[in-house]
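So the sequences go chain by chain: U and C.
For the first sequence, the positions run 106 to 430 when this note's numbering is used.
For the second sequence, the positions run 332 to 549 when this note's numbering is used.
Report on one structure; see the data block that follows.
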Amino acid sequence: MESISLGAAGAPYDLIVIGGGPAGSTAALYAARAGHRTLVIDKGLASGALGKASQIVNYPGAKGPLTGADLVRSMRDQAASFGAEFVTEKVLRVDLKAEPKQVWAAEPYQARAVVIATGALGRQQHVPGEERLLGRGVSYCATCDGAFFQGQPVAVAGNNDEAVDEALTMTRFATKVHLLSPTTELEANEELAQELASHPKAALHLGVRVLEVLGENRVEGVRFAAKKGDQEEQTIPVSGVFFYLQGTQPITDFLYDQLPVSEGGCLIAGEYRETTLPGVFAAGDVVCKHLKQSVVAAAEGAQAAMAADRYLSGREKLRPDWRHS
Amino acid sequence: MPILDSGTAEGVKQELADLGGPVRLVMFTQEFECDLCAEARALVEEVAATSEQLAAEIYNFVTDKEKADSLGIDKIPAIAVIGAEDYGLRFYGIPSGYEFASLLAAIKAAGSGGAHLEDDTVAFLQALREPLHIQVFVTPTCPYCQSAVMLAHRLGVASRLVRADMVEATEFPHLAVKYSVMGVPRTVINDTVHLEGAVPEARLVDKLREAAEAAGQS
Numbered sequence: 106m107e108s109i110s111l112g113a114a115g116a117p118y119d120l121i122v123i124g125g126g127p128a129g130s131t132a133a134l135y136a137a138r139a140g141h142r143t144l145v146i147d148k149g150l151a152s153g154a155l156g157k158a159s160q161i162v163n164y165p166g167a168k169g170p171l172t173g174a175d176l177v178r179s180m181r182d183q184a185a186s187f188g189a190e191f192v193t194e195k196v197l198r199v200d201l202k203a204e205p206k207q208v209w210a211a212e213p214y215q216a217r218a219v220v221i222a223t224g225a226l227g228r229q230q231h232v233p234g235e236e237r238l239l240g241r242g243v244s245y246c247a248t249c250d251g252a253f254f255q256g257q258p259v260a261v262a263g264n265n266d267e268a269v270d271e272a273l274t275m276t277r278f279a280t281k282v283h284l285l286s287p288t289t290e291l292e293a294n295e296e297l298a299q300e301l302a303s304h305p306k307a308a309l310h311l312g313v314r315v316l317e318v319l320g321e322n323r324v325e326g327v328r329f330a331a332k333k334g335d336q337e338e339q340t341i342p343v344s345g346v347f348f349y350l351q352g353t354q355p356i357t358d359f360l361y362d363q364l365p366v367s368e369g370g371c372l373i374a375g376e377y378r379e380t381t382l383p384g385v386f387a388a389g390d391v392v393c394k395h396l397k398q399s400v401v402a403a404a405e406g407a408q409a410a411m412a413a414d415r416y417l418s419g420r421e422k423l424r425p426d427w428r429h430s
Numbered sequence: 332m333p334i335l336d337s338g339t340a341e342g343v344k345q346e347l348a349d350l351g352g353p354v355r356l357v358m359f360t361q362e363f364e365c366d367l368c369a370e371a372r373a374l375v376e377e378v379a380a381t382s383e384q385l386a387a388e389i390y391n392f393v394t395d396k397e398k399a400d401s402l403g404i405d406k407i408p409a410i411a412v413i414g415a416e417d418y419g420l421r422f423y424g425i426p427s428g429y430e431f432a433s434l435l436a437a438i439k440a441a442g443s444g445g446a447h448l449e450d451d452t453v454a455f456l457q458a459l460r461e462p463l464h465i466q467v468f469v470t471p472t473c474p475y476c477q478s479a480v481m482l483a484h485r486l487g488v489a490s491r492l493v494r495a496d497m498v499e500a501t502e503f504p505h506l507a508v509k510y511s512v513m514g515v516p517r518t519v520i521n522d523t524v525h526l527e528g529a530v531p532e533a534r535l536v537d538k539l540r541e542a543a544e545a546a547g548q549s
């Protein structure tokens with residue numbers, strides 16, 4: 106039998122930060138240091154833009170050599186040292202109008218204020234056949250749907266921790282798991298990547314673009330081609346295709362239109378990183394800007410945390426009185 | 332060995348501390364040809380033991396057929412969660428893993444008899460004239476599924492015309508085949524309309540409206 110999870114949200118946090126990159130980690134650092142009970146919900150160290158960067162040379166004060174993952178880890182450790190909590194989960198849905206605000210990930214959570222710092226690695230568009238065959242072999246959750254593909258071949262599209270982890274999950278059910286990676290090297294935890302690469306049921310197709318999910322009423326195959334070179338397209342028969350691809354779109358899908366977005370799909374935030382909903386703030390690459398740099402995202406995270414602090418302490422209308430300082 | 336460890340049982344006790352009214356967990360089982368009936372029964376009895384306002388009633392699916400029919404139970408293991416009245420809240424298959432939270436939510440909803448829903452949803456339900464049967468297919472390892480089940484159950488509490496079932500897809504493979512379930516949550520309404528994923532309330536209501544209109548025309 107599966108384990109029992111109570112599934113009820115515990116006591117509300119003061120602040121939930123969605124996303125643990127430079128914006129989210131800095132927001133958590135400032136909020137926790139201000140004494141607020143703070144939770145960061147993040148998909149994984151290598152799931153964001155900074156975490157993927159192989160080398161960081163221009164972050165002030167961090168001369169290196171260090172990787173993006175090193176820098177993110179250091180930011181998180183610093184936030185955790187002030188009491189911020191971190192969980193590795195994917196936020197699925199939120200209710201930002203409720204009091205307290207509700208956040209559903211693998212577990213439900215609640216908080217009085219929320220900072221959205223989900224970055225901009227969302228997918229822009231679907232592959233032909235993907236939407237049409239959703240629920241008919243196309244899935245975004247191997248953990249949920251793996252059992253439906255017992256004894257059948259499947260494909261997993263993606264190159265990050267999530268993709269590799271879910272591909273490993275599928276090796277328990279499927280006869281063959283084809284990993285279709287957009288990059289020639291996996292951008293995932295090395296141990297996980299190695300485990301998958303050496304798994305007898307796994308076949309890695311590196312540096313490929315998924316062109317189409319094939320099938321009439323259910324998935325029957327997937328068509329893909331190498332991104333470079335003159336290799337011909339390939340079609341392999343599969344019963345399921347699991348998508349974990351990333352792009353350059355601000356990640357706002359879990360909001361289901363609760364906040365306005367710009368034409369480019371970015372969240373809109375004001376001078377103090379506030380959104381149109383009280384107690385909800387946005388920082389980092391999910392907010393449109395000309396300079397998508399970690400140092401800018403971190404600064405915005407600090408601004409969002411301080412604005413959240415004012416909101417949480419009921420001082421959002423107050424301004425510093427510089428005349429008496 | 333109990334299914335709920337002592338820490339979990341204590342958590343359940345706190346969660347169900349004030350139900351607002353008595354709730355019956357009416358369970359149908361049998362001792363053969365039912366893989367998880369014994370575990371489901373143990374779970375129901377252990378949950379019922381956490382609150383004086385909760386009672387477990389165990390029936391045999393074959394010998395108590397009349398009772399099963401009266402509650403519309405057609406497969407096992409089955410749990411009907413019944414408060415001051417029968418709101419049509421059902422669990423088919425064991426509500427374990429992430430679905431245990433759905434069971435607790437259903438118990439609380441049945442106890443209070445109230446459901447927090449958006450104004451548009453309430454208006455839709457008040458205008459409803461045709462019965463709606465919502466089946467939410469789930470797996471216990473699906474973190475997305477519980478919110479779909481809880482929403483369906485809230486609709487059940489809010490309207491006598493709505494029946495809302497959780498169906499654990501891997502325990503009822505024939506239904507998974509019948510309703511083409513290859514991903515969860517998959518919500519099937521009146522056998523005619525279906526919906527993928529854990530969607531916001533307004534989107535589910537659009538689909539319910541579609542099913543109600545189809546029912547009205549038939």
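Cβ atoms here follow ideal geometry from the backbone N, Cα and C, with glycine treated the same way.
For this session: Under 6 Å Cβ to Cβ from C:Ala507, same chain only, skipping five residues before and after it: list those, please.
Result: Ala500
For this session: Just confirm the distance between the C-beta atoms of C:Ile425 and C:Phe359, as a whole number of angstroms; I'd bet it's less than 8 Å.
Result: That belief does not hold up - the Cβ atoms of C:Ile425 and C:Phe359 are roughly 13 Å apart, past 8 Å.
For this session: Could you run through the stretch 350–374 of chain U and flag, in chain order, every residue whose CB is less than 8 Å away from some CB of chain C?
Result: Tyr361
For this session: Compare the C-beta of C:Glu416 against all C-beta atoms of chain U and say whether one is closer than 9 Å.
Result: no
Problem set entry | Contact residues within the stretch 242–269 of chain U, judged by C-beta distance below 7 Å to chain C | Gly242, Ser244, Cys246, Thr248, Cys249, Asp250, Ala252 and Phe253
For this session: Measure how close the beta-carbons of U:Ala128 and U:Gly389 come, nearest whole angstrom, since I'm counting them as under 8 Å.
Result: 3 Å
Exercise. How would you write the range of the alpha helix (DSSP H) that U:Pro127 sits in, first residue to last?
Worked result: Pro127 to Arg138
For this session: Report the option in U:Arg217, U:Ala298, U:Gly124 and U:Lys394 whose CA atom is closest to the CA atom of U:Lys145.
Result: At residue 145 of chain U the sequence reads Val, which differs from the Lys that was named. The shortest Cα separation from U:Val145 among U:Arg217, U:Ala298, U:Gly124 and U:Lys394 belongs to U:Gly124.
Problem set entry | Spatially closest choice to U:Val391 from U:Leu120, U:Gly352 and U:Tyr416, by CA coordinates | U:Gly352
Exercise. C:Gly514 touches chain U at which residues, Cβ-Cβ below 9 Å?
Worked result: Leu239, Gly240, Arg241, Gly242, Val243, Ser244, Tyr245, Cys246, Cys249, Asp250, Phe253 and Gly345
Problem set entry | C:Ala432 in three-state terms, based on DSSP | helix
Problem set entry | Pick from C:Cys365, C:Glu377 and C:Asp349 that is closest to C:Leu356, judged by C-alpha positions | C:Glu377
For this session: Name the residue from C:Glu362, C:Glu532 and C:Leu347 whose alpha carbon lies nearest to the alpha carbon of C:Ala437.
Result: C:Leu347
Exercise. Assuming U:Ala413 contacts U:Ala136 under a Cβ cut-off of 8 Å, what Cβ separation, rounded to an integer in Å, is found between them?
Worked result: 6 Å
Exercise. In this structure, what does DSSP give as the bridge partners for U:Ile121?
Worked result: U:Leu144 and U:Val219
Exercise. Beta strand (DSSP E) containing U:Lys206: first to last residue?
Worked result: Lys206 to Trp209
For this session: Can you tell me the Cβ-Cβ gap for U:Arg228 and U:Gln354, rounded? I've got them flagged as a contact below 8 Å.
Result: 6 Å
Exercise. For C:Ala386, which residues from the same chain have a beta carbon less than 8 Å from its beta carbon, with the 5 sequence-adjacent residues on both sides left out?
Worked result: Pro353, Val354, Arg355, Leu356 and Ala379
Problem set entry | Below-9 Å beta-carbon distance, U:Pro342 vs any chain C residue | no
Problem set entry | Cβ shell of U:Phe278 (< 7 Å), same chain only, five flanking positions each side left out | Gly251, Ala252, Phe254 and Gln255
For this session: Taking C:Ser382 as the query, report the chain U residues whose CB atoms sit under 7 Å from its CB, ordered along the chain.
Result: Going along chain U, no residue has its Cβ under 7 Å from C:Ser382, so there is no contact; the nearest lies around 14 Å.
Exercise. Who are the near neighbours of C:Gln361 in its chain, counting only those whose CB is closer than 8 Å to its CB and skipping five residues on each side?
Worked result: Cys368, Asn391, Phe392, Val393 and Ile407
For this session: Starting from U:Tyr214, follow its DSSP beta bridges and name the residues at the other end.
Result: U:Val208
Exercise. How should U:Ala116 be labelled, buried or exposed, when 16 other C-beta atoms within 10 angstroms of its C-beta is the threshold for buried?
Worked result: exposed
Exercise. Going by DSSP, which residues form a beta bridge with U:Phe227?
Worked result: One point to set straight first is that residue 227 of chain U is Gly, not Phe, in the sequence displayed. BP columns for U:Gly227 point to U:Gln354.
Problem set entry | Listed by chain order, chain C residues near U:Arg217 by CB distance under 7 Å | Correct list: empty, because the minimum Cβ distance to chain C is about 19 Å.
For this session: Taking U:Leu155 and U:Gly173 to be in contact with their CB atoms under 8 Å, please state how far apart those CB atoms are, rounded to whole angstroms.
Result: 4 Å
For this session: Would you mind sorting U:Lys332 into buried or exposed? The rule is 16 or more other CB atoms within 10 Å of its CB.
Result: exposed
Exercise. At a CB-CB cut-off below 7 Å, which residues of chain U make contact with C:Ala348?
Worked result: Simply none; closest approach about 12 Å.
For this session: Would you please verify whether the beta carbon of C:Thr360 is less than 9 Å from any beta carbon of chain U?
Result: no
Exercise. What residues are listed by DSSP as bridge partners for U:Asp200?
Worked result: U:Gln207
Exercise. Is it buried or exposed for U:Pro287, if we count other Cβ within 10 angstroms and need 16 for buried?
Worked result: buried
Exercise. How would you write the range of the alpha helix (DSSP H) that C:Ala483 sits in, first residue to last?
Worked result: Cys476 to Ala489
Problem set entry | Bridge-paired residues (DSSP) for U:Lys281 | U:Pro258
For this session: Could you list the residues in the stretch 518–540 of chain C with a C-beta less than 7 Å from some C-beta on chain U, going in chain order?
Result: Glu527, Ala529 and Pro531
For this session: Compare the C-beta of U:Glu212 with all C-beta atoms of chain C and state if any pair is closer than 9 Å.
Result: yes
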